[in-house]
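First comes the structure, then the notes that go with it.
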Amino acid sequence: MKKSRKNNENGFDLTVLIDVMWPSLEEHNMKKSGSALVLCAALLVRWLVSLHSYSGMSTPPMYGDYEAQRHWMELTYHLPVHDWYFYDLQYWGLDYPPLTAYVSYFFGYIAQFVEPALVALDTSRGYETPSSKVFMRLSVLVCDIVLFIPSLLLLAKGLYKQQWALRMEFLMLVLLQPAFVLIDHGHFQYNNVSLGFTTLAVASILQDHEVLGSIFFCCALNFKQMALYFAPAITFYLVAKCLYRPHAILHFVKLGVTVIASFAVLWLPLCASTGLATCGPTLAQMANVWCCLDLFLKLRHHISPPHLVYLCTGATLVGFLPSVVDLVRRPPSRVRFFLALFNSSMSFFLFSFQVHEKTILLPLLPVTFLLSEATLLASWFGLVATFRFAP
Numbered sequence: 091m092k093k094s095r096k097n098n099e100n101g102f103d104l105t106v107l108i109d110v111m112w113p114s115l116e117e118h119n120m121k122k123s124g125s126a127l128v129l130c131a132a133l134l135v136r137w138l139v140s141l142h143s144y145s146g147m148s149t150p151p152m153y154g155d156y157e158a159q160r161h162w163m164e165l166t167y168h169l170p171v172h173d174w175y176f177y178d179l180q181y182w183g184l185d186y187p188p189l190t191a192y193v194s195y196f197f198g199y200i201a202q203f204v205e206p207a208l209v210a211l212d213t214s215r216g217y218e219t220p221s222s223k224v225f226m227r228l229s230v231l232v233c234d235i236v237l238f239i240p241s242l243l244l245l246a247k248g249l250y251k252q253q254w255a256l257r258m259e260f261l262m263l264v265l266l267q268p269a270f271v272l273i274d275h276g277h278f279q280y281n282n283v284s285l286g287f288t289t290l291a292v293a294s295i296l297q298d299h300e301v302l303g304s305i306f307f308c309c310a311l312n313f314k315q316m317a318l319y320f321a322p323a324i325t326f327y328l329v330a331k332c333l334y335r336p337h338a339i340l341h342f343v344k345l346g347v348t349v350i351a352s353f354a355v356l357w358l359p360l361c362a363s364t365g366l367a368t369c370g371p372t373l374a375q376m377a378n379v380w381c382c383l384d385l386f387l388k389l390r391h392h393i394s395p396p397h398l399v400y401l402c403t404g405a406t407l408v409g410f411l412p413s414v415v416d417l418v419r420r421p422p423s424r425v426r427f428f429l430a431l432f433n434s435s436m437s438f439f440l441f442s443f444q445v446h447e448k449t450i451l452l453p454l455l456p457v458t459f460l461l462s463e464a465t466l467l468a469s470w471f472g473l474v475a476t477f478r479f480a481p
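If you want our numbering, it's the 1-based position in the sequence shown plus 90.
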């Protein structure tokens with residue numbers, strides 16, 4: 091009573107302050123709780139999916155993608171750098187850029203302390219103990235927690251700012267997307283790393299941090315070369331941003347130096363070794379359009395493989411060219427950037443060669459960025475894309 095009377099004497103009523111602030115505090119707590127609930131649900135779904143089987147489980151001699159990822163941990167940990175891309179290429183030879191190798195080494199280093207038999211050189215092939223499966227599954231989940239989820243949070247904050255409901259819709263749309271969950275946590279891969287770096291690149295570029303965005307995209311390219319699907323859109327968007335601001339040449343040079351330096355840092359350990367393995371294009375897996383046409387035209391019977399490569403390349407260029415040209419002919423905008431990302435990656439998915447079913451994840455990522463502009467497309471595209479994984 092004395093404290094209350096003192097407040098009143100000074101013209102200040104604590105109860106009034108509480109009445110004014112409580113709704114905003116309550117709303118703030120609800121938003122924090124809602125965000126935590128979405129993230130917990132996403133992690134729970136991933137872990138539940140990971141309890142089931144994976145690619146190549148108990149199917150010798152090659153097993154599957156799970157074994158490939160485990161094997162790369164094994165060989166990067168035990169072998170010198172100059173042997174990484176040459177060691178026993180017939181058994182899951184390492185065929186991804188250097189950042190994949192470095193991440194494999196990191197997890198292999200940890201595995202050596204947790205369960206050495208998991209990464210024992212040569213003798214660990216087909217190693218499938220319950221504890222090793224937990225370790226492998228956790229490694230993918232850690233990549234989500236450390237990279238993919240934070241990148242989405244950063245992008246959502248930039249896109250929707252104070253629109254909390256839209257931000258939560260966006261996070262739920264991406265994090266609970268069946269395709270993302272099934273490929274990485276069911277089938278078993280680390281696409282979340284490449285997609286996480288790509289998302290960080292997009293978020294940084296939209297916030298006018300082009301140099302940082304370029305570094306992140308170089309990381310995405312150097313983890314999985316499939317990130318090249320986004321390269322036309324990102325490159326031309328950066329070019330457009332340079333063109334429509336003062337000192338364009340200086341910005342060009344700055345971005346060029348950034349890209350060269352990023353690649354140099356990532357490739358230096360390999361370039362210092364005896365040499366690099368090369369991987370030429372094959373037509374073992376053709377994209378959707380060519381698969382459909384082959385039912386009627388039998389292109390492989392009439393066109394030689396080298397000419398098929400030219401045909402695929404030309405069709406891919408024609409597919410994404412309108413979007414990237416539109417980026418530079420007028421001042422760039424966020425929506426046209428997202429559309430260019432989608433069109434570029436979709437053109438590669440439909441028309442290029444060596445297309446794996448998981449590459450649908452690449453056009454799926456930018457289409458979810460269009461949630462507020464094309465809600466129906468962003469929602470349904472992922473569900474339809476999931477059927478791409480049907481056997």
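For each residue, glycine too, the CB sits at the ideal point set by N, CA and C.
When Tyr199, Ser413 and Phe225 are compared, the shortest CA-CA separation from Phe427 is found for Ser413.
Taking 8 Å as the upper bound for CB-CB distance, Thr288 and Leu455 are in contact here, some 7 Å apart. About 16 Å separates the beta carbons of Leu165 and Leu189, which is beyond the 8 Å limit, so they are not a contact pair.
For the pair Tyr167 and Tyr199, the CB atoms are nearer than the 9 Å cut-off. Taking 4 residues as the minimum length, the alpha helix (DSSP H) runs contained wholly in the stretch 223-259 are 239-250, in order along the chain. Counting only the Cα atoms, Ile393 lies some 43 Å from Leu237. For His277 against Tyr144, the beta-carbon gap comes to about 6 Å, under 8 Å, which counts as contact. By the Cβ-count criterion, Gly404 is exposed, with fewer than 16 other Cβ atoms from all chains shown falling within 10 Å of its own Cβ.
Scanning the stretch 269-307 from its first residue to its last, the whole alpha helix (DSSP H) runs of 4-plus residues come out as 281-296.
Proximity to Val425 across Gly472, Ser435, Val329 and Phe459 peaks at Phe459, based on C-alpha coordinates.
The three-state secondary structure of Phe443, taken from DSSP, is strand. In the DSSP assignment, Glu157 falls within the unbroken alpha helix (DSSP H) covering Asp155 to His168. A Cβ-Cβ distance of about 6 Å is found for the pair Leu345 and Leu328, placing them in contact under the 8 Å criterion. With the rule of 3 Cβ pairs closer than 8 Å, the stretch 168-175 does not count as touching the stretch 294-310. Within its own chain, the residues whose Cβ lies closer than 7 Å to the Cβ of Lys331, once the five positions on either side in sequence are excluded, are Glu300 and Pro422, listed in chain order. An exposed status is given to Asn378, since fewer than 16 other beta-carbon atoms sit within 10 Å of its beta-carbon. Burial state of Ala293 is buried, judged by a 10 Å Cβ sphere holding 16 or more other Cβ atoms.
Residue range Thr465 to Thr476 is occupied by the alpha helix (DSSP H) that includes Gly472.
With fewer than three CB-CB distances shorter than 8 Å, the stretch 305-316 does not count as touching the stretch 257-269.
Rounded to the nearest whole angstrom, the C-alpha separation of Trp162 and Val271 is 22 Å.
Between the C-alpha atoms of Ile305 and Phe386 there is a straight-line separation of about 44 Å. DSSP places Ser352 inside the alpha helix (DSSP H), whose first and last residues are Ala338 to Cys361. Taking C-alpha positions only, Val355 is separated from Leu383 by approximately 43 Å.
Short of 7 Å from the beta carbon of Tyr153, and not among the five residues preceding or following it, lie these beta carbons of its own chain, in chain order: Gly146 and Gly216.
Per DSSP, reduced to three states, the secondary structure at Met316 is helical.
Counting C-beta atoms within 10 angstroms of its own C-beta, Gln279 has 16 or more neighbours from the protein chains shown and is therefore classed as buried. Measuring C-alpha to C-alpha distances from Ser434 to each of Ala126, Ile450, His446 and Leu467 identifies Ile450 as the nearest. Counting along the chain, Val329 sits inside the alpha helix (DSSP H) bounded by residues Ala321 to Leu333.
By the C-beta density criterion, Lys251 is exposed, having fewer than 16 other C-beta atoms within 10 angstroms. When secondary structure is reduced to three states using DSSP, Gly198 falls in the helix class. Here the C-alpha atom of Leu340 lies approximately 15 Å from the C-alpha atom of Ile350.
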